[in-house]
Amino acid sequence: MPAMKKKLCLVTFGCQMNVHDSQRMEDLMRDAGYEVVPEVEGADVVILNTCSVREKGEQKLRSEAGKLKKADTVLVVAGCVAQQEGEALLKSMPFIDVVVGPDNLQELPALVREAELGGPSTVRTVFDVDAPHFLTNSVAPGAAGASAYVTVMKGCDERCSFCVVPYTRGPERYRPADDIVAEVRALVEGGTREVVLLGQTVNSFLDPTVALPADRDPDESQFPELLRRIAAEAPGLDRLRYTSPHPRHLTASLVRAHADLAVLSTHVHMPVQSGSDRVLKRMIRRYTRAEYVRRVTALRAARPELTLSTDIIVGFPGETRDDFDLTLSLVRELQFVSLYGFKYSVRPHTPALKLDDDVPEGEKQSRLLALFEVSEAQTRAHLATLVGARVELLIEGPSRPGAATWSGRTRANEIVHVAGGEGVGPGAVVVAEVARANKHSLEGRVESVRIPAATRVQPTFRRIALPVVTA
Ligand code: SF4
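Numbering (this note's numbering), first residue to last: 27 to 497.
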């Protein structure tokens, strides 16, 4: 009788980088002989892939880890809190078996084996600055997901004063363009329809194999060339997206790429953080409101059907009511179709620690509610314009676990729920008529199936949604 496989459960907090890291941890542990299960209960190994961008992520870690304190389980803490806290985590939670940072994930199977054999708790949080390693998708023929993340770069050289990412993810390191293109091609050959290029400041990409002119414009990067190469060398790809870009690198050449490349999604998430120059300066964002507006206006002119979303922080140290009103006016002026809004919270190891967190909690909350009121009205108005339209959807999965309807996305990133039917399932590309607008999504009727669904591997890790987008 074959030996029973040990069971592994991954719980993921935070951003797309963490989702990608979790998918790669799943691959590594499957290759090491583990069965990946969706529930913590009954798992032999639990990995909490953590986020430290907001305070809430750390609170979630403590509450999830606390529940596993007495369980006979190997407990691994990975991700940004692991990198940020290192040994300190073992002091506050000595029942943790392994603490592993984002650059040490390849060592995960060996670290877990040592813990299973009764070894002492281990901490591995060393940046791979000299020889960066990038985890890639493992693509079995016909088993690729409908949509896949492909890493372009990691780390961040910006120093936005509110952000802990440069501390937890280290300096910027880039992947050779040849490797990125080869991975995209392999995914497309395996059946992937959409690729999302990933990086903390994805559009700062510079090919490490290409020498750069000494006098180059620091805002320019080789990201536009990378997009053009992917479009040319992976012609079977249906959709190409990227996250998270920094407004500084939204240059004329990137705008031209959007004008020229039909494969690029017609939605861009471009974090702005504030509409006040005074606050942007204190945040060390390195652009002004006018520069941001000029850049996204050029992008819209290049691709008029493009929709925009953004991130906003309210209650940053020193933000006055007038500063906040400037943020509201920017949200209205640029007609973002959605946004992630956050109350500022003090993060360790960030430059903003030197500033007085002087906006009272009640005022932060009321600014956040005012922001949401404006953005939700804009979301509703935008979705209402789509009722009656014909849209092309990439079906991603069931609308929710066990649901009879499927959820897909348009090229402009709107979510549309449709009933099932022949050929409709994960990976299918269908044309649907939008019948109704909900608060944040649409409902539609499938009119035709352009590409039928294939059998695909669905992710089995649990995700705790903490909408976090950086850059
Ligand atoms: S907000 Fe983005 S660009 Fe700024 S430091 Fe954090 S990761 Fe880097």
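C-beta: ideal position from N, C-alpha, C; glycine also.
Note that the coordinates shown come from a computational prediction; the quantities given were computed from them, not determined experimentally.
Contiguous beta strand (DSSP E) elements confined to the segment 296-384 occur at 333-340 and 364-369, taking only those with 3 or more residues. Within the segment 93-159, the complete alpha helix (DSSP H) segments of 4 residues or longer fall at 105-111, 113-118 and 134-142, listed in chain order. It is roughly 34 Å from the alpha-carbon of residue 133 to the alpha-carbon of residue 296. Taken atom to atom, the span from the alpha-carbon of residue 160 to that of residue 174 is near 15 Å. Sequence-distant Cβ neighbours of residue 187 in its own chain, meaning closer than 6 Å and more than five residues away, are 309, 310, 377 and 378. At least 8 Å separates the beta-carbon of residue 102 from that of residue 129.
Per DSSP, the continuous alpha helix (DSSP H) segment holding residue 284 begins and ends at 278-286. With respect to residue 135, residue 55 sits close: the two C-beta atoms are nearer than 8 Å. Close CB contacts of residue 259 within its chain, under the 6 Å cut and outside five residues either way in sequence, are with 207 (chain order). The beta carbon of residue 389 is closer than 8 Å to those of 341 in its chain, skipping five residues each way along the sequence. In chain order, 35 and 72 place their CB closer than 6 Å to the CB of residue 66, counting only its own chain and leaving out the 5 sequence neighbours on each side. Here residue 380 is exposed, its C-beta having fewer than 16 other C-beta atoms within 10 Å.
Excluding sequence positions up to five before and after residue 400, its CB lies within less than 7 Å of the CB of 354, 357 and 358, all in the same chain and listed in chain order.
Counting only residues of its own chain and dropping the five nearest sequence neighbours on each side, residue 230 has a CB closer than 6 Å to the CB of 247 and 275. Short of 6 Å from the beta carbon of residue 439, and not among the five residues preceding or following it, lie these beta carbons of its own chain, in chain order: 293. Residue 39: member of the beta strand (DSSP E) spanning 33-39, first to last residue. Given a length threshold of 3 residues, each whole run of the beta strand (DSSP E) inside the segment 445-484 is given here in chain order: 455-463 and 468-477. Per DSSP, the beta-bridge partners of residue 174 are 221. The residue among 317, 375 and 284 with its C-alpha nearest the C-alpha of residue 80 is 375.
Taken through DSSP and simplified to helix, strand or coil, residue 229 comes out as helix. Only buried fits residue 233, as 16 or more other CB atoms lie within 10 angstroms of its CB. Runs of the beta strand (DSSP E) lying entirely within the segment 406-434, each at least 3 residues long, are 416-424 in chain order. Taking a contact as a CB-CB distance under 8 Å, the pair residue 131 and residue 51 counts as one, their CB atoms being some 6 Å apart. Per the coordinates, the alpha-carbon of residue 300 lies some 18 Å from the alpha-carbon of residue 227. Annotation: residue 462 to residue 268 spans about 28 Å, alpha carbon to alpha carbon.
Per the DSSP secondary-structure output, residue 200 pairs in a beta bridge with 179.
Separation of residue 319 and residue 116 (C-alpha to C-alpha, rounded to the nearest whole angstrom) is 46 Å. By the CB criterion at 8 Å, residue 193 and residue 85 fall outside the cutoff. Relative to the Cα of residue 38, the nearest Cα in the group 202, 53, 75 and 172 belongs to 75. Between the alpha carbons of residue 370 and residue 317 lies a gap of roughly 23 Å. Shown here, residue 236 sits in coil according to DSSP, grouped into three states, outside any helix or strand.
As the crow flies, the alpha-carbon of residue 92 is around 34 Å from that of residue 198.
Following the DSSP letters along the chain, one finds residue 268 inside the beta strand (DSSP E) bounded by residues 265-269. Per DSSP, the beta bridge partners of residue 71 are 34 and 100. A distance below 6 Å between beta-carbons, with the five flanking residues on each side excluded, links residue 61 to the following residues of its chain, in chain order: 31 and 33.
Annotation for residue 42 indicates a beta carbon at 7 Å or more from all heavy atoms of the ligand SF4.
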